[in-house]
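Novice: Going down the list, the sequences are from chains W and H.
Under the numbering used here, the first residue of the first sequence is numbered 101, with each subsequent residue one higher.
Under the numbering used here, the first residue of the second sequence is numbered 890, with each subsequent residue one higher.
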Amino acid sequence: MTRFLLCFLLGWAFVAHSAAAQDGGPLRIEITEGVIEPMPFAVPDFVPDSPAATEVASQIARVIAADLAGTGLFREIPAEAHIGRVSDFNAPIQFADWKAINAQALVTGAVSSSGDRVTVRFRVWDVFSGAELGNGLQFAGSRDGWRRMAHKVADAVYSRITGEGGYFDSRVAFVSESGPKNDRKKRLAIMDYDGANVQYLTDSASIVLAPRFSPSGDRVLYTSFETGFPRIYVLDVGKVQRRVLESKEGTMSFAPRFAPDGQTVVFSLEQGGNTDIYIMDITSGGTTRLTSSPSIDTAPSYSPDGSRIVFESDRSGTQQLYIMPASGGDAKRISFGQGRYGTPVWSPRGDLVAFTKQNKGRFHIGVMRTDGREERLLTASFLDEGPTWAPNGRVIMFARETKGARGETTLYTVDITGRNLRPVRTPGGASDPSWSPLQN
Amino acid sequence: MQTGTKISAVAHGLLLSWAFLGGAFRSDPLPFEVQDVTMISAEEFDRIAGRSAASEAQPAPEPTAEPAVEQRPDPVSESVPPKARPEPTPPPPPPAPEITPEIAALVPEPPSPPQRASERIAPEPVAPPPPEARPDPVEREQVTPEAQADTPQEAQDATAPEEAAAEIVTEAEETAVLAPTRSPRPAARPPRRPTPAPETAPASETETATDTATETAAKTEDAVTAALTEAMAGARDATPAAPAAPSGPPMSAGEKEALRVAVSSCWNVGSLSSDALATTVVVAVSLSQDGKPQGETIRMASHSGGSEAAAKQAFEAARRAIIRCGAKGFDLPVAKYDHWRNIEMTFNPERMRIK
Chain W
101 MTRFLLCFLL
111 GWAFVAHSAA
121 AQDGGPLRIE
131 ITEGVIEPMP
141 FAVPDFVPDS
151 PAATEVASQI
161 ARVIAADLAG
171 TGLFREIPAE
181 AHIGRVSDFN
191 APIQFADWKA
201 INAQALVTGA
211 VSSSGDRVTV
221 RFRVWDVFSG
231 AELGNGLQFA
241 GSRDGWRRMA
251 HKVADAVYSR
261 ITGEGGYFDS
271 RVAFVSESGP
281 KNDRKKRLAI
291 MDYDGANVQY
301 LTDSASIVLA
311 PRFSPSGDRV
321 LYTSFETGFP
331 RIYVLDVGKV
341 QRRVLESKEG
351 TMSFAPRFAP
361 DGQTVVFSLE
371 QGGNTDIYIM
381 DITSGGTTRL
391 TSSPSIDTAP
401 SYSPDGSRIV
411 FESDRSGTQQ
421 LYIMPASGGD
431 AKRISFGQGR
441 YGTPVWSPRG
451 DLVAFTKQNK
461 GRFHIGVMRT
471 DGREERLLTA
481 SFLDEGPTWA
491 PNGRVIMFAR
501 ETKGARGETT
511 LYTVDITGRN
521 LRPVRTPGGA
531 SDPSWSPLQN
Chain H
890 MQTGTKISAV
900 AHGLLLSWAF
910 LGGAFRSDPL
920 PFEVQDVTMI
930 SAEEFDRIAG
940 RSAASEAQPA
950 PEPTAEPAVE
960 QRPDPVSESV
970 PPKARPEPTP
980 PPPPPAPEIT
990 PEIAALVPEP
1000 PSPPQRASER
1010 IAPEPVAPPP
1020 PEARPDPVER
1030 EQVTPEAQAD
1040 TPQEAQDATA
1050 PEEAAAEIVT
1060 EAEETAVLAP
1070 TRSPRPAARP
1080 PRRPTPAPET
1090 APASETETAT
1100 DTATETAAKT
1110 EDAVTAALTE
1120 AMAGARDATP
1130 AAPAAPSGPP
1140 MSAGEKEALR
1150 VAVSSCWNVG
1160 SLSSDALATT
1170 VVVAVSLSQD
1180 GKPQGETIRM
1190 ASHSGGSEAA
1200 AKQAFEAARR
1210 AIIRCGAKGF
1220 DLPVAKYDHW
1230 RNIEMTFNPE
1240 RMRIK
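1. Going by DSSP in three states, Q438 of chain W sits in which element: helix, strand or coil?
2. Using only CA atoms, which one of W:G417, W:S368 and W:I423 lies nearest to A399 of chain W?
3. Give the residues of chain W in contact with D1164 of chain H, contact being defined as C-beta atoms less than 8 Å apart.
4. Using 8 Å as the Cβ pair cut-off and three pairs as the minimum, do the stretch 890 to 898 of chain H and the stretch 522 to 540 of chain W touch?
5. Between R1188 of chain H and the rest of its own chain, which residues show a CB-CB distance below 6 Å, the 5 nearest in sequence each way excluded?
6. M1234 of chain H versus chain W: which residues are under 7 Å apart at the beta carbon?
7. Assuming Y422 of chain W is part of the alpha helix (DSSP H), what are its boundary residues?
8. To the nearest angstrom, report how far apart E1239 of chain H and E475 of chain W are at their CA atoms.
9. Taking 8 Å as the CB-CB cut-off, is A1182 of chain H touching chain W?
10. Determine whether the Cβ of L910 of chain H lies closer than 8 Å to any Cβ atom of chain W.
11. Is the beta carbon of E501 of chain W less than 8 Å from the beta carbon of L483 of chain W?
12. Identify the residues that DSSP records as bridge partners of H464 of chain W: which are they?
13. With a cut-off of 8 Å, does the C-beta of P1222 of chain H fall near any C-beta of chain W?
14. Checking contacts by CB at 8 Å: is S229 of chain W closer than that to chain H?
15. Which of helix, strand or coil does DSSP assign to L904 of chain H?
16. When the Cβ atoms of the stretch 259 to 274 of chain W are set against those of the stretch 286 to 293 of chain W, are three or more pairs found closer than 8 Å?
17. Go through its chain and collect everything with a Cβ distance to S353 of chain W's Cβ below 6 Å, but skip five positions before and after it.
18. Is the Cβ of P178 of chain W closer than 8 Å to any Cβ of chain H?
19. Please work out which residues of its chain come closer than 6 Å, Cβ to Cβ, to A152 of chain W, disregarding the five sequence neighbours upstream and downstream, and give them in chain order.
20. List the whole-angstrom C-beta distance separating P311 of chain W from V298 of chain W, where the pair is believed to meet the contact cut-off of C-beta under 8 Å.
21. Which residues in the same chain as D515 of chain W place their Cβ atom closer than 7 Å to its Cβ, once the five residues preceding and following it in sequence are excluded?
22. If contacts are defined as beta-carbon pairs under 8 Å, then E412 of chain W and T364 of chain W qualify, I think. What distance do you get, rounded to the angstrom?
23. To which residues does DSSP link P140 of chain W through a beta bridge?
24. Let's test the definition: count the other Cβ atoms within 10 Å of the Cβ of D935 of chain H and tell me whether it reaches 16, buried, or not, exposed.
25. Inspect the beta-carbon positions of Q1202 of chain H and A1147 of chain H and report whether they are closer than 8 Å.
26. Tell me, please, whether the CB atom of M1189 of chain H is closer than 8 Å to any CB atom in chain W?
27. Using the rule of at least 16 other Cβ atoms within 10 Å of the residue's Cβ for burial, across every protein chain shown, is I261 of chain W buried or exposed?
28. For the alpha helix (DSSP H) holding L168 of chain W, just list the boundary residues, first then last.
29. Report all residues from its chain with a CB closer than 7 Å to the CB of P394 of chain W; omit the five preceding and five following residues, and keep chain order.
30. Got a sec: which bits of the stretch 1165 to 1179 of chain H sit with their beta carbon under 7 Å from any beta carbon on chain W, in order along the chain?
31. Does the stretch 136 to 152 of chain W come close enough to the stretch 228 to 248 of chain W that 3 or more CB-CB pairs lie under 8 Å?
32. Check the Cβ-Cβ distances between P138 of chain W and every residue of chain H, and say whether any is below 8 Å.
33. Within its chain, find whatever has a CB closer than 7 Å to the CB of Y441 of chain W; leave out the 5 residues flanking it on each side and keep chain order.
34. Beta carbons nearer than 8 Å to chain H: which residues of the stretch 215 to 244 of chain W have them?
35. Can you check which of these residues, H:M928, H:Q1178, H:C1214 and H:A931, is closest to R1149 of chain H by C-alpha distance?
36. When the cut-off is 8 Å and only beta carbons count, does E1197 of chain H lie next to chain W?
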């Protein structure tokens, strides 16, 4: 009887739906399957207002195109394929020319130069709709800072098309490496996210580890073995001045990371063979112990709101990930897969945790929800480690080391979908990346 | 014995009695045909047989000539309006909303399909054409050049059409042209008739003759105008809020699926943010009759699951999909245009999210 009633109700619903669809209203369809492919775009050379601006106008357009194409979300249509020419920034766009080459987004711009000052204006167009995305925008700066202006334009374009923030106008602190593995020289360095403008912050006299940007991007925490013991330093990036954070005699401090407020540092402290997590107020130097287990608790990372800390611990017997309140207390294990989990980093969006996983002799970079669900491994190689998040929480940079005594360490980026794995150009070997927030 | 049993027994008894006595099992006789038969004696039979043998000796009656096929009227000649007669005609009657026979005659009667000679297999073996004749659709007699002929004649074999084809050619496979091969040339539009003065002088003979054709047209025009006025009045009387129901058969599931697949192939969610991928947008669009979306009509009808900003990104991706894949027109049946003139597409990216 129940089955009969169910059949009747289903039949009635179908008939009612069919009748509703034919009652003179619009035809209704539902689309649940789409495609995931890079969006074709075109960035014709920006229009210079004078011969002096010609070169920089072209360079800016190239950097914008490289930024967008490097995300894997966009595909540049090369200039050779362009039908239309943009010779006047204010002239109406001939959309048919760009539709013909299937450019879905178009970036037009103009560059004016006056002495050492450069001004960049641009517009973003949705070609098939024939509409402008957002309004025209203008950046001005010194001629030397043209790359930053190009990155800012690319950020704005990215944001207008995808709806999320960009990450191009950002920097990366890393450890520059040279020499064989048994005599490797390490220096603290900083560069643009794309590998340009590398600056070295320390010499290679002592080993440095794990640089970490402050939330405002003006300082870097790192661990140095200058004294033979690991000590934590704070480096002012703009002034290249540093100071050591106080620590107790006979202890080792490492794995530091800023809290979102920029005034507190969370780090690991080894004392008497036991490693626990502490926080320190930078100004006062006061420390607070957050964990007190006989296991090794290390690699702490704050959530963006500063309320929780994710860290790794071997308290269960193997290295796993745990989350605890920022004030310490009960830690909840979130990783339950096979293998060992380490170096967790909370996403700037707060929704994911990136980690390094070692399983069956291979290393992976992966992400999982903050409750441990939906674990997804993005890479697999001989040695992948040290993930760091792009400011928009969409891309992860990490270090990959190849096998052998002369194996090289290279930085890579990968989208959180696991697509678009790309190496980052650096002058030599590079490891331990730390991505800064977007610059002001 | 209980009362119920007694009642049951009595009732059953009554029922059985009625069944046997009342004719419940009686059925009507089956219908059959009746034919009268008369018995005749042997003498009578011989006499009838002898009469029929005598009648065979009589000459057969002359076959009557076949009635001449009635000449089908030429549709062209029918459609030509009758020429105006030179004699004066009485004043035209008031226009009546009736269709003139000239208009009805404009549609020619389709000619009957030609009779096929032998394009099918004969039900029984037929004799092959004469040995000296070769198969040919056109039948020709054999020509033998005569020696004494004044003019030289070209030798020609006799030909005859095939008696039967090698395969059956059905009527469905025939390419009979049923459409009229000629159509009447439309008459030139008559000059607009001036409004007659209240008192007009009697028209001369020549004027009346030239006005005859225009009067016919004017009558038709007035009739159309009257019909249109009536229709418009009817439309005004109807309830204005009631939308016109789509005419024609509804969209089939296959046609809807084809449209869905067409839009899906251009719906690129690769560049959407996570928030936009969590947003379902309903996009309304109107299509022109050639299946092309009208860009200015694309709008977001509603959205759910995300912020306004995310919905905006999701809508822009959906709009790109509609415009891109509809640039050459969606493949939709024109006869059902009323059904797909306005479309609401729900873009649900739930299955496209990162898992």
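C-beta atoms are modelled at their ideal positions from N, C-alpha and C, and glycine is treated no differently.
Bear in mind the structure is a predicted one, so any value in this text is a computation, not a measurement.
Specialist: Straight from the coordinates:
1. Looking up residue 438 of chain W in the first sequence gives position 338. Note: Q438 of chain W maps to coil in three-state DSSP.
2. The residue you call residue 399 of chain W lines up with position 299 of the first sequence. That would be W:S368, whose Cα lies nearest to the Cα of A399 of chain W.
3. Working through the second sequence from its first residue, we reach residue 1164 of chain H at position 275. The contacting residues are G263 and E264.
4. no
5. Position 299 of the second sequence, counting from 1, holds the residue named residue 1188 of chain H. Within the same chain, R1188 of chain H has close Cβ partners A1173.
6. Numbered from 1 along the second sequence, position 345 holds the residue referred to as residue 1234 of chain H. Correct list: I129 and I131.
7. Residue 422 of chain W sits at position 322 when you count from the first residue of the first sequence. Counting along the chain, Y422 of chain W falls outside any alpha helix (DSSP H), though it belongs to the beta strand (DSSP E) covering Q420 to P425.
8. Residue mapping note: residue 1239 of chain H aligns to position 350 of the second sequence, counting from 1. Residue mapping note: residue 475 of chain W aligns to position 375 of the first sequence, counting from 1. Between E1239 of chain H and E475 of chain W, the C-alpha separation is close to 19 Å.
9. Taking the first residue of the second sequence as 1, we reach residue 1182 of chain H at position 293. The sequence given here places Pro at residue 1182 of chain H; Ala does not occur at that position. Chain W, which has no Cβ nearer than 8 Å to the Cβ of P1182 of chain H, makes this no.
10. As a position in the second sequence, residue 910 of chain H is number 21, starting the count at 1. Chain W, which has no Cβ nearer than 8 Å to the Cβ of L910 of chain H, makes this no.
11. On the first sequence, residue 501 of chain W is found 401 positions in, with the first residue counted as 1. On the first sequence, residue 483 of chain W is found 383 positions in, with the first residue counted as 1. Contact flag set, yes.
12. Along the first sequence, one-based indexing puts residue 464 of chain W at 364. W:K457.
13. Mapped onto the second sequence, residue 1222 of chain H falls at position 333. Not an interface residue.
14. Sequence index remark: in the first sequence, residue 229 of chain W carries index 129 (1-based). Yes, S229 of chain W counts as interfacial toward chain H.
15. Locating residue 904 of chain H in the second sequence gives position 15, where the first residue counts as 1. L904 of chain H falls in the helix class under three-state DSSP.
16. yes
17. The residue given as residue 353 of chain W occupies position 253 in the first sequence. Hits under 6 Å: I332, S347, F367 and L369.
18. The residue labelled residue 178 of chain W in the question sits at position 78 within the first sequence. No - not a single Cβ of chain H is within 8 Å of the one on P178 of chain W.
19. What you label residue 152 of chain W is simply residue 52 of the first sequence in a count that begins at 1. The answer, listed in chain order, is S213.
20. Translated into the one-based positions of the first sequence, residue 311 of chain W becomes position 211. Translated into the one-based positions of the first sequence, residue 298 of chain W becomes position 198. Contact flag wrong, Cβ pair sits at about 14 Å.
21. Here the question's residue 515 of chain W lines up with position 415 in the first sequence. G172, R494 and V495.
22. Counting from one through the first sequence, the residue named residue 412 of chain W turns up at place 312. Counting from one through the first sequence, the residue named residue 364 of chain W turns up at place 264. 20 Å between Cβ atoms; not a contact.
23. Translated into the one-based positions of the first sequence, residue 140 of chain W becomes position 40. Answer is W:R175, bridged to P140 of chain W.
24. Here residue 935 of chain H refers to the residue found at position 46 when the second sequence is read from its first residue. It counts as exposed.
25. For the purposes of this step, residue 1202 of chain H is identified with residue 313 of the second sequence, where counting begins at 1. For the purposes of this step, residue 1147 of chain H is identified with residue 258 of the second sequence, where counting begins at 1. Cβ atoms of Q1202 of chain H and A1147 of chain H: not closer than 8 Å.
26. Within the second sequence, numbered from 1, the residue matching residue 1189 of chain H stands at position 300. With 8 Å as the cut-off, M1189 of chain H does not count as an interface residue toward chain W.
27. Locating residue 261 of chain W in the first sequence gives position 161, counting from the first residue. With 16 or more other Cβ atoms within 10 Å, it is buried.
28. Here residue 168 of chain W corresponds to residue number 68 of the first sequence, with the count starting at 1. Looking at the DSSP string, the run of the alpha helix (DSSP H) that includes L168 of chain W is T154 to G170.
29. As a first step, residue 394 of chain W must be located in the first sequence, where it is residue number 294. Taken in chain order, the residues that qualify are N374.
30. A1165 and A1173
31. no
32. Taking the first residue of the first sequence as position 1, residue 138 of chain W is located at position 38. Yes, P138 of chain W counts as interfacial toward chain H.
33. Here residue 441 of chain W refers to the residue found at position 341 when the first sequence is read from its first residue. Closer than 7 Å at Cβ, skipping near neighbours: E412, Q419, Q420, L421, S435, F455 and K457.
34. D226, F228, S229, G230 and L233
35. Along the second sequence, read from residue 1 onward, the residue named residue 1149 of chain H stands at position 260. Ranking the options by Cα distance to R1149 of chain H, first place goes to H:C1214.
36. Position 308 of the second sequence, counted from the first residue, corresponds to residue 1197 of chain H. No, E1197 of chain H lies away from the interface with chain W (no Cβ there is under 8 Å from its Cβ).
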